[in-house]
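For the record, the sequence lines run as chains A and B. Quick note, the first sequence lines up with residues 164 to 277 if you use the numbering used here. Quick note, the second sequence lines up with residues 6 to 120 if you use the numbering used here.
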Amino acid sequence: QKEVEQNSGPLSVPEGAIASLNCTYSDRGSQSFFWYRQYSGKSPELIMSIYSNGDKEDGRFTAQLNKASQYVSLLIRDSQPSDSATYLCAVNLGGDTNAGKSTFGDGTTLTVKP
Amino acid sequence: DTGVSQNPRHKITKRGQNVTFRCDPISEHNRLYWYRQTLGQGPEFLTYFQNEAQLEKSRLLSDRFSAERPKGSFSTLEIQRTEQGDSAMYLCASSSHDYPRDTQYFGPGTRLTVL
């Protein structure tokens, strides 16, 4: 079992719809959670970070964290064709000893169709 | 703040040659990370530095790989006797010890092709 698992893609949604991306992690000690967007051939770009249970909203993006269920998700509202990319979930144990080393899922590829 | 930079952006080499990559982190960041990413996979952790100290190395980092961060500024990643399996995107990221907590910002990456 991988330490960070993401729902298998590809995921296709029509323009204007809500895209839902999911991620589960195995280490209960994980403290920091991140979503990155990665366009083909480019490096990961940070979208959201979340540290506490609940929802965190930033524009069209909402991250949701449930530590009891070891689950983190990303919702993209009013999806646009420019949102078409691979979305990476990253999890950190945090703290001084682990110093933010990130463990990544393999990503979910999202296609938004006009 | 010019972001994380990496050089070169692309490197093509023949099997058995040595290659070296450079990463310049965001200036106020004291932590620097190296990851490797192959097609269809998420980035895999290789090693990280806090200031000039290399604090952790992944088991993925064989004896052919070495990383340095002299003076706690830029970092280099060297691969000796390259193999075709080393072909990948090598990503560098940096973060601050403080706010925002553990948030890593990536450079553009160095794409290595070993022929």
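Backbone N, C-alpha and C fix where the C-beta goes; we use that ideal spot for every residue, glycine too.
Here Pro75/B is exposed, its C-beta having fewer than 16 other C-beta atoms within 10 Å. By the Cβ criterion, the stretch 205-222 of chain A is not in contact with the stretch 51-70 of chain B, since fewer than three pairs of Cβ atoms, one from each stretch, lie closer than 8 Å.
Taking C-alpha positions only, Asn35/B is separated from Ser242/A by approximately 36 Å. Straight through space, the alpha carbons of Arg27/B and Gly8/B are spaced by roughly 14 Å.
Look at Asp246/A here: in three-state DSSP terms it is helix.
Residue contact with chain A for Asp29/B: absent (no Cβ-Cβ distance below 7 Å to any residue of chain A). Taking all protein chains shown into account, Asn255/A has 16 or more neighbouring C-beta atoms within 10 Å of its C-beta and is therefore buried.
According to DSSP, residue pairing for Asp241/A in a beta bridge does not occur. For the 7 Å CB-CB criterion, Leu184/A and Leu237/A form a contact. Arg223/A is positioned such that its CB atom lies closer than 7 Å to that of Arg240/A. The beta carbon of Thr25/B sits closer than 6 Å to those of Thr81, Glu83, all from its chain and outside the five residues before and after it, given in chain order. Of the residues Thr118/B, Gly112/B, Leu117/B, the one whose Cα lies closest to the Cα of Gln11/B is Gly112/B. Annotation: Lys205/A to Gly114/B spans about 8 Å, alpha carbon to alpha carbon. Exposed is the label assigned to Thr43/B, since fewer than 16 other Cβ atoms lie within 10 Å of its Cβ.
Rounded to the nearest angstrom, the Cβ distance from Gly270/A to Gln194/A is 22 Å, too far for a contact under 8 Å. Under the Cβ criterion of 7 Å, Thr108/B is counted among the residues facing chain A. In terms of Cα proximity to Lys276/A, the closest of Ile181/A, Asp221/A, Glu166/A is Ile181/A. Residues of the same chain with a CB within less than 6 Å of the CB of Thr225/A, apart from the 5 flanking positions on each side, are Asp218, Leu238 in chain order.
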